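Before any comments, here is the structure.
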Amino acid sequence: MAKLIVDVVVGGGISGLCSAKLLTEYGLDVLVLEARDRVGGRTQTIEDPAFKYIDLGGSYVGPDQHRILHVAEELGVETYPVQCKGKTIDHLYAKAHEHDGSFSTWNPLAIIDYLNVAYTLDKMCDTIPLEQPWEAPQAIEWDHMTAEEFFNKVCWTSYCKKRMVQNTHHAMAVELWEISLLHYLWYRKSGNGVLKHSSADDAEEEKQFVGGAQQISNKLKKRLGDKVIVNSPVLQVNQEKDHVIVTCKNRNSYQSKYVISAIPQALLNKVSFVPPLSPLKNQLIQRFPMGSSIKTFAFYETAFWKSKGLNGVILSDFGPIHTSMDDTKPGANLPVIMGIITGDQARYFCNKTQKERKQAVCEQHAKVFGCKEALNPVHYVDKDWLGDEYSGGCYVGIMPCGVMTKYGKALRCPIGRLHFAGTETATISAGYMDGAVRAGERAAREILSKLRKIAEEDVRDVKDVLTPRHVTMAQRCLPTVPAFLVGSAAVFVLGGYLSFSSWTHLKQRHPHTKGCHIFTILPLKLQILLLWIIACLCVQRKTNGAPQGISS
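So the sequence shown is residues 1 to 552, counted in full-length UniProt numbering.
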């Protein structure tokens, strides 16, 4: 006999627990079924007296991630700022370059190229509706192109291309060829754009939670009490006319009015649905793989990178680690460098032993930091998320070419009494803990609306909007590389012509003059500078049209 419950939530991560929290606040009887022996999903914190604690999964939050910060504050979980004082290392071209700004190159063309491509991407993002990205004016064109194909077309310098590759590894744990341009742009817009992630002052990795990110889920579980049951993988969801029966691997069954699935979309393939999922949903979950990442932690006796004036950040396109940070906790005895192996490198190293991964990671640390001490950590920990049975990877599900326009409508659309949460279904901060909260609360509001606890128009949270993105005048007016080159060529040609004309005119007036005084040329230089700026801006209008002409 199935136990009678009003609503069942499948998945005890942040999204599922926030669904349950909101439903209980409206007086509903809710049960959360979690497959693992713990809650937290893709957040996992381990503790040790030597290093206090580390987050093996999701960890970072930014200033615009209001929902997760609100939940944390409500639960009494504090944050602390990420250590970023010192120089960053760009590990590009298999070489380490220290810098204390945004760029490790002095090449003006490379800087112009990167900033212009980032600004172009943000302009493209602006044309994509967050809730219905498949309705974007160029959705089909962009969904039939990989992000790699796009960057091959628009990046003029190898530096820009390598930075974009590294940036994608850092943000999504995928290779550029794996993801469609449309899904890449939608994901970027969900996180408030590319330029925002290029800013060290306002990035989404600004803070971490004191005590670890998993305690968000642990404290939600404590608040829900015996309504959270672990070690209960769901095998079947059977929808009847007026109820749903959920059956677990341990043969326990629960009857409810509605069900919220808060597990990754790809893992829905492990559950039997009666009747079957809709055709589009069934096809979608076969085409929505998870990203590939391994998170590493190398603990050392001393923070040797600080003595070199470094902040511990490595941004690499070479690997095995694509991103590293100083993850030493306040008051911890052992300093630690956290690293993330992503994409192809993660798929390679997931087949290696932990000892082999440790050696490769520490060799990269030693080479990039220029310090042999990095070869001998006193402790090493890593988490292979590719092998996690109930996540299937990290950070987030990705859509290859053609998936979003053909199957995207089925992503968060309820099927009868079955609703969908999980960070992949969020419209803002998708892939982040903040997105998990938003998606869970949205799914709960869908059910509350059906139960007439709230109005239908209240399902969409009016506060669920992006923070306005600040764009400087320099970013708006920055020329593209071809515009810069054409403008520079025009300056040389026009400057040469005007200089020759001025010299000829001066010669005619003063035949015996052998040279020109510098002050007689100054107005001419100002004229040339003005003409160069106008030329750059004019050409930029024609060449900076990627949103309308990337297929040409």
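Glycine residues also receive a C-beta, built at the ideal position from the N, C-alpha and C atoms.
Bear in mind the structure is a predicted one, so any value in this text is a computation, not a measurement.
Item	Value
Within its chain, find whatever has a CB closer than 6 Å to the CB of A35; leave out the 5 residues flanking it on each side and keep chain order.	P233 and Y390
Taking DSSP as the reference, what is the three-state secondary structure of G397?	strand
Can you name, in chain order, every residue of its own chain whose Cβ lies under 6 Å from the Cβ of E78, other than the five neighbours on each side?	V210
Our contact map puts Y184 next to A147 with C-beta atoms below 8 Å; I'd like the distance itself, whole angstroms only.	4 Å
Once you ignore the five residues that flank I340 on each side, which residues in its own chain have a CB closer than 7 Å to its CB?	S293, K295, I321, H322 and T323
Run the CB neighbour count on E446, radius 10 Å, all protein chains shown included, and call it buried at 16 or more, exposed below.	buried
Spatial neighbours of D384 within its chain, please: CB distance less than 6 Å, with the 5 preceding and 5 following residues excluded, ordered by chain position.	I294 and C350
Taking the alpha carbon of S151 as the reference point, which residue from I454, A173 and S180 has its own alpha carbon closest?	Rather than Ser, the amino acid found at residue 151 in this sequence is Phe. It is S180.
Determine which residues share a DSSP beta bridge with C248 and list them.	V234
Rounded to whole angstroms, what is the Cα-Cα separation between R188 and C125?	7 Å
Return the CA-CA distance between N218 and K85, expressed in angstroms with no decimal places.	32 Å
Ordered along the chain, which non-local residues of its own chain (more than five positions away) have a Cβ less than 6 Å from that of K221?	V39 and V228
Which of the three DSSP states, helix, strand or coil, is assigned to Q548?	For Q548, the predicted structure reports a pLDDT of 34, less than 50, and the residue's modelled location is therefore unreliable. The matter cannot be settled from this model.
For V32, write down the residues that DSSP places opposite it in a beta bridge.	V9 and V228
So, helix, strand or coil for I415, using DSSP?	strand
If you drop the 5 nearest sequence neighbours on each side, which residues of the same chain put their C-beta closer than 6 Å to that of L130?	T427
Quick one, are the C-beta atoms of M404 and D122 less than 8 Å apart?	no
Let me confirm a value: L522 is counted as buried when at least 16 other C-beta atoms fall within 10 Å, else exposed. Which label applies?	Low confidence applies to L522: its pLDDT is 48, below 50, so where it sits in the model is not reliable, and the reading given next is rough at best. Label assigned to L522: exposed.
Tell me the residue span of the alpha helix (DSSP H) that contains T296.	Counting along the chain, T296 falls outside any alpha helix (DSSP H), though it belongs to the beta strand (DSSP E) covering S293 to F299.
Does I14 pass the burial test, meaning 16 or more other C-beta atoms within 10 Å, or should it be called exposed?	buried
May I ask you to list the residues that DSSP assigns as paired with Q208?	Y60 and Y80
Given this structure, state the Cα-to-Cα distance separating V230 from L31, to the nearest angstrom.	11 Å
Since G339 sits in a beta bridge, which residues does DSSP pair it with?	T296 and S324
Just the C-alpha distance for G312 and A332, rounded to the nearest angstrom, thanks.	16 Å
At what residues does the beta strand (DSSP E) containing L310 begin and finish?	L310 to S316
Around the C-beta of Q265, are 16 or more other C-beta atoms found within 10 angstroms, so that it is buried, or is it exposed?	buried
Check whether the Cβ atoms of G397 and F288 lie closer than 8 Å to each other.	yes
What are the start and end residues of the beta strand (DSSP E) that includes F273?	S272 to V274
Determine the direct distance from the alpha carbon of Q138 to that of L182, and round the result to whole angstroms.	9 Å
Could you give the distance in angstroms between the alpha-carbon of Y380 and the alpha-carbon of F299?	6 Å
Looking only at its own chain, which residues have a Cβ that is under 7 Å from the Cβ of K372, when we skip the five neighbours before and after it?	A366
Go ahead and pull the three-state DSSP assignment for Q255.	strand
Taking the alpha-carbon positions, what's the W106 to Y114 distance?	13 Å
Can you tell me the Cβ-Cβ gap for D29 and V6, rounded? I've got them flagged as a contact below 8 Å.	4 Å
Mind checking if F151 is an interface residue toward chain B, Cβ cutoff 8 Å exclusive?	Structure shown: chain B not included; a single protein chain is present.
On the CB-based measure, 16 or more other CB atoms within 10 Å of its CB, does G76 come out buried or exposed?	exposed
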